[in-house]
Every structure is written in structure tokens, then in C-alpha cells.
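There are 2 protein chains.
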Amino acid sequence: MKSLSIGSLAEKTGVHIETIRYYEREDILPKATRSESGRRLYDEGDVRRLNFIHKCRSLGFSLKEIISLMSLVDTGDYTCRQVHDLTLVHTKEISEKISDLRKMEQVLIEMAEHCSQGNVPECPIIDSLFDS
Amino acid sequence: MKSLSIGSLAEKTGVHIETIRYYEREDILPKATRSESGRRLYDEGDVRRLNFIHKCRSLGFSLKEIISLMSLVDTGDYTCRQVHDLTLVHTKEISEKISDLRKMEQVLIEMAEHCSQGNVPECPIIDSLFDS
DNA sequence: CTTGATCCTGTAGTGACTACAGGATACATA
DNA sequence: TATGTATCCTGTAGTCACTACAGGATCAAG
């Protein structure tokens with residue numbers, strides 16, 4: 002049943018081979034069973050697990066958060082409310098990042114608006130970068 | 002004239018002492034002149050320079066970008082248009098980050114909306130995290 | 001039987017810091 | 001003048017989540 006190579010797992014999940022090995026090293030994925038010659042072998046359960054990790058990463062969860070999440074899932078010891086609340090906390094962190102970046106964006110746009118955009122060696126962007 | 006300690010420079014600019022030493026090591030700041038006993042000494046020019054770096058960092062520029070920007074400024078070999086265009090490119094990168102984060106945020110919010118938030122060990126968030 | 005694809009381990013690099021350890025020096029107070 | 005504590009020094013290692021080799025073994029197809 003364990004018949005997928007690391008390459009196939011990578012292809013099925015969109016996670017790079019090097020990253021899969023890294024996840025194993027860091028105990029985010031369990032040690033893979035090996036073929037006689039020492040190659041890693043996977044099955045559909047591994048695909049499912051790696052999809053979970055991949056999706057969490059794409060939603061901005063850290064590997065530490067993913068480890069906690071997965072251990073909740075593995076033990077079955079969680080409630081919908083608990084997961085919901087964890088998700089809300091994470092969503093708030095994302096929202097804060099967005100608002101930080103929007104502030105940067107706004108400052109940059111405002112700075113650029115003052116430019117003559119001319120062929121001259123004076124620039125209000127440079128000037129305002131020197132302000133503390 | 003060079004009479005500021007690294008601690009004073011840190012206080013004036015809001016940049017940590019360790020970070021100032023790091024910037025010197027990485028040639029983002031020039032090697033500081035030293036007192037007889039080997040302590041770093043700074044002046045208002047250094048304050049100005051570090052403010053520039055600090056402000057650039059707060060606007061999301063990488064240290065590499067800052068090095069290029071500063072060498073433009075140091076040589077005086079730049080035009081307003083050039084700086085304006087560099088800034089626009091950087092602003093676009095910020096905007097892309099924002100839009101990526103907003104997509105994450107949206108998915109998270111939608112996932113959370115489906116929760117019963119009950120005291121039960123079934124959760125639609127977990128279910129959808131397993132989808133590829 | 002050979003060729004090229006795939007796999008293995010182990011190590012080092014990335015970016016921008018941050019956090020010590022272990023010691024030297026400066027300055028304010030008793 | 002002695003002392004205590006604040007500040008400084010160098011050098012190294014850790015953080016996060018990969019990514020990129022080097023150098024070698026093994027597999028599958030023609």
C-alpha cells in the first residue's frame with residue numbers, strides 16, 4: 002500500500018521534495034517507511050497529511066502552529082469552538098499584518114506623489130527618508 | 002565631534018544596539034571610529050544615516066535595496082524620476098503582499114463562518130484544511 | 001548494458017535580526 | 001579611593017522556513 006515515491010508525493014501535493022525531507026527532519030511529518038534500498042515510501046494517508054500542512058502554510062500558519070493543530074486532530078481531543086477560536090486569533094494576526102502593510106503602502110504612495118519625476122538630482126522621497 | 006556612544010545612537014534612532022553592530026558588520030553602516038578604549042563613537046551624520054536606514058526598513062525595503070538607495074544618495078548620481086520609479090516598484094511588491102494576505106484572511110473568515118462553535122469534536126475548519 | 005532520472009545524506013546559505021557568554025571599561029556615589 | 005553597576009566589547013549560535021548544493025547510490029527504459 003505504501004507505494005508512492007517522494008517525487009510522486011511532491012507532485013500530488015505541490016510540496017517540494019526538499020521540503021518534504023525537511024518536514025520529516027523537523028518531525029512535522031513522521032519518519033517515512035523505507036524501501037529495501039532505503040527510499041522513502043508514502044501512501045494516501047501521507048498525501049492527506051501533507052495536504053493539511055500545505056494548506057495551513059498557505060493560510061499563514063507557522064509550522065509550530067501546524068504541529069499543535071495536527072496533534073489536536075491526531076488525538077481527536079478538540080472541539081469546534083476551540084479550533085474556531087484558534088483560527089480567529091490567527092486571522093487577527095493576518096489582519097494586523099495587512100494593516101501594517103497598508104500603512105507602508107500609504108506612506109510610499111504619498112511620498113511618490115510629491116515627486117517631480119524629473120531628470121533632477123533632488124527628490125522629496127529621499128528627503129523624507131532622512132526624517133526620523 | 003564624534004561624541005555619541007552606541008547606546009545614545011540607539012536611543013536617538015530607535016535602532017537596537019545589537020542591530021547597529023549588525024549593520025556595521027554587514028557594511029550597511031561604515032566602520033565606526035573608536036575611542037581610545039575601543040568603544041564606537043558616532044555623530045549627527047551617523048544619526049541621519051541610521052534614521053534613513055530605519056525609515057526604509059519601516060517601509061519594507063530590504064537591506065540590499067537600502068544599500069543601493071544609499072549609494073545613489075552618497076554619489077548624488079540619481080534623478081527624481083529614478084527614485085520615484087524604484088519606489089513604485091517597491092510599492093507594487095507591498096501591494097501584492099497585501100493582496101496575498103487578504104486572500105488568506107478571506108479564506109480563514111469563510112472557514113470560521115461554517116463553525117457551529119459547539120463543544121463537539123467535528124469542525125468544518127479541520128475538514129477543509131484536509132482538502133488539497 | 002548504458003543512460004538519464006530519481007533518490008539518498010549531509011551541510012551550508014538565505015534575511016534580518018536576537019540572544020547570549022565572558023570579559024573590559026566608564027562613571028556615579030560612599 | 002573603593003565599589004558597584006551601567007555600558008560597552010567580541011564572537012558565536014539561534015530563529016524561521018525553507019533552498020541549494022555536493023557527491024554518491026539506485027532505478028527504469030531503450
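Chains as they are written, first to last, in this note's numbering: chain Y, 2 to 133; chain Z, 2 to 133.
Heads up, the beta-carbon is just placed ideally off N, CA and C, and yes, glycines get one too.
- In chain order, Gln118, Gly119 and Asn120 make up the part of chain Y whose C-beta sits under 7 Å from the C-beta of arginine 82/Z.
- Chain-order list of chain Y residues neighbouring glutamate 106/Z: Thr92, Ile95, Ser96 and Ile99, by C-beta distance under 8 Å.
- Counting C-beta atoms within 10 angstroms of its own C-beta, aspartate 47/Y has 16 or more neighbours from the protein chains shown and is therefore classed as buried.
- Cβ neighbours of isoleucine 95/Y within its own chain (closer than 7 Å, five residues either side excluded): Gly61.
- Taking C-beta atoms under 8 Å as the contact rule, arginine 26/Y and alanine 33/Y fail to qualify, at a distance of about 11 Å.
- The Cβ-Cβ distance between proline 125/Z and cysteine 116/Z falls below 8 Å.
- Approximately 16 Å separates the beta-carbon atoms of lysine 56/Z and leucine 102/Y; this is outside 8 Å, ruling out the contact.
- Listed in chain order, the positions of the region 61-79 of chain Z with a beta carbon within less than 7 Å of a beta carbon of chain Y are Gly61, Val74, Gly77 and Tyr79.
- Of the candidates Asn52/Y, Ala11/Y and Lys13/Y, Asn52/Y places its Cα closest to the Cα of leucine 130/Z.
- Between leucine 5/Z and chain Y, the shortest Cβ-Cβ separation is not below 8 Å.
- When DSSP states are grouped into helix, strand and coil, arginine 50/Y belongs to the helix group.
- With a cutoff of 8 Å on beta-carbon distance, aspartate 44/Z and lysine 13/Z are scored as not near each other.
- Taking 8 Å as the CB threshold, serine 9/Y stays off the interface with chain Z.
- For methionine 105/Y, the enclosing alpha helix (DSSP H) covers residues 81-114.
- With respect to the 8 Å criterion, leucine 64/Y and arginine 50/Y are not classified as neighbours on the basis of their beta carbons.
- Judged by beta-carbon spacing, arginine 82/Y lies within the 8 Å limit of asparagine 120/Z, meaning their Cβ atoms are closer than that value.
- Among the residues facing chain Z, leucine 109/Y is included, as its CB has a counterpart in that chain under 8 Å away.
- Listed in chain order, the beta strand (DSSP E) runs fully inside the region 16-70 of chain Z amount to none, counting runs of at least 3 residues.
- Scanning chain Z for C-beta atoms nearer than 8 Å to the C-beta of aspartate 132/Y yields Asn52 and Lys56, reported in chain order.
- Aspartate 78/Z and glutamine 118/Y have their alpha carbons spaced roughly 15 Å apart.
- As a beta-bridge residue in DSSP terms, leucine 5/Y pairs with Tyr43/Y.
- Between serine 9/Y and glycine 15/Y, the alpha-carbon positions lie close to 10 Å from each other.
- Among the CB atoms of chain Y, one or more fall inside 8 Å of the CB of methionine 112/Z.
- According to the DSSP assignment, proline 125/Z belongs to the alpha helix (DSSP H) that extends over 125-130.
- For threonine 14/Z, at least one C-beta of chain Y is nearer than 8 Å to its own C-beta.
- Under the Cβ distance rule, histidine 17/Z does not count among the residues neighbouring chain Y, no pair being separated by less than 8 Å.
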